[in-house]
Every structure is written in structure tokens, then in C-alpha cells.
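Residue 152 is where the sequence shown starts when you use this note's numbering, and the numbers rise one by one after that. Ideal placement from N, C-alpha and C gives every residue a C-beta, glycine not left out. This report concerns only the one structure given below.
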Amino acid sequence: YSGTALFCRDEPLKVMYGMGKAEHDGEGRLITAEFPKHFLVTCYTPNAKQDLSRLEYRMEWEDDLRAYLKGLEEKKPVILCGDLNVAHKEIDLKNPKTNHHNAGFTDEERGKLTELLAAGFTDSFRYLYPDRENIYSWWSYRFKAREKNAGWRIDYFIVSDCLKDRIREAVIHTEREGSDHCPVELDIDI
């Protein structure tokens, strides 16, 4: 039910699957492409599940992912993209009060994204648009959520802090359909 893919115009120097931890690598959630000046990591973060039965596992994933990204960053800057399955701030979802403590908006999950950002990474969209509201990347298929724009911003481009001043644009293509998610785009000078 999970997996990631990566399509590149320029051939990477190296491609790695997973983060080197057996407990995480069996679900196809992480691909890293090494380029001359940076690493590009595509990620599909585990969902904590509606009953939060995977929250503890999710917390382990978050700690291990952060350590993995910091290890890469020792060599060169990192760009992380994908479904991180968390709306970081109240501005990042339509109904924060009724979703507090739900999977994707628990204090624990939000705290782990805060820890990642504090470890030297930048949310590219919020860097450019700190106050932009009602821009989401995911909508439930239920209750006409997309039609009502009752969504969540859970798809990100996160970059090493040393790259943040090179971000030219970060776009969430809300007009694109075909999935419960829409594409996110990063234009950056590498």
C-alpha cells in the first residue's frame, strides 16, 4: 500500500533505497538520489492510523529519518520531498480544532516536524509564504472535502537551511486532480 518513485532528467550519481534500517525499509517509503551538489530524498511517511495504533512506530520513524537526513547533510545539502503525513501548524489544515489529536495532527507528529526543522531544515512553502491560508495538498475523498477545500497541507519540500535563500518558488498545484493529493513543486537554484 505504500511506495515511492523518483523521475530525474539528470542521471543521479547514486540511488539508495530505504534508510538502512530493516524495521523501516520493507515498505518502500524512501528513495535517495545523490547528485553532484545535493541529495534528493523522496519520502512517504507512515500514517499513525485512525486509532493511532502506529503512532509509536511513527515516532521511531521520525527520529530515524531525521538522523538519516543529518547524516546525508554531513556530505552535502539535502532536499526532502513527499507526503510527510502531518499538518505542521493550524494554518496547514482547514479544521485544526476538530482534528487535534487525529492522525496527522497530533502534538507528537507536529513536534517531530518541529524537531526536524530545528535540526537545520526549512519548509520551503512556509519560508516563502508564512501566512498563506487555505492552500492544501490533500483532501479526503469523503464529504466533498476537495470541493469545499477542507484539506490538509501534508506534502512538502523541506531543504537544508543552507539552501533556503536559493528557493525561487514553492507551488502547491491545487488545480491538479486525479488523486486525493495534488503535486507540490520546488524551484530552487542548485
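Bridge-paired residues (DSSP) for residue i
i: K165; result: E185
i: F308; result: C232
i: L244; result: W303
i: H332; result: W289
Closest by C-alpha distance to residue i, when choosing among the options
i: D215; options: K240, H175, R205 and T193; result: H175
i: E328; options: E298, D316 and G171; result: E298
i: S311; options: R217, R209, E207 and S204; result: R217
i: F277; options: A321, F158, A173 and L231; result: It should be pointed out that residue 277 corresponds to Arg in this sequence rather than to Phe. The shortest C-alpha separation from R277 is found at A321.
i: N198; options: F186, L231 and Y152; result: Y152
i: D243; options: R209, A156, E162 and D282; result: D282
i: L268; options: V229, T155 and G179; result: V229
i: L231; options: V192, L314, T183 and K315; result: V192
First through last residue of the alpha helix (DSSP H) which encompasses residue i
i: Y195; result: First-last for Y195: F190 to Y195, but that is the beta strand (DSSP E), not the alpha helix (DSSP H).
i: E207; result: L206 to E224
i: R297; result: Counting along the chain, R297 falls outside any alpha helix (DSSP H), and DSSP gives it neither H nor E.
i: D258; result: D258 to A269
i: A173; result: A173 to D176
i: T249; result: P247 to N250
Contacts around residue i, its chain only, beta-carbon distance under 7 Å, and the 5 residues preceding and following it disregarded
i: K227; result: K188, H189 and F190
i: W319; result: Looking at the sequence itself, residue 319 is Arg, so the reference to Trp does not match. Taken in chain order, the residues that qualify are D338, I339 and D340.
i: C200; result: The amino acid at residue 200 is misidentified as Cys; the sequence shows Lys. Counting only Cβ-Cβ distances below 7 Å, and skipping sequence neighbours, we find A254.
i: W289; result: G302, W303, I305, D306, D331 and H332
Exposure of residue i, with buried meaning 16 or more beta-carbon neighbours within 10 Å
i: L164; result: exposed
i: V166; result: exposed
i: F272; result: buried
i: G302; result: buried
i: T104; result: The requested residue 104 does not occur in the structure, where the chain is confined to residues 152 to 341.
i: R304; result: buried
i: D233; result: Looking at the sequence provided, one finds Gly at residue 233 rather than Asp. G233 should be labelled buried.
i: R160; result: exposed
i: D274; result: buried
i: K263; result: buried
i: F308; result: buried
i: Y219; result: buried
i: T249; result: exposed
i: E213; result: buried
Start-to-end residues for the beta strand (DSSP E) that takes in residue i
i: F272; result: F272 to D274
i: A321; result: I318 to I323
i: D338; result: V335 to I339
Own chain, CB closer than 6 Å to residue i, minus 5 neighbours either side, in chain order
i: E260; result: V237
Chain-order list of residues whose beta-carbon lies under 8 Å from that of residue i (same chain, five-residue window excluded)
i: H324; result: C333, P334, V335 and E336
i: E326; result: C333
i: F186; result: D161, P163, L164 and I341
i: F294; result: A301
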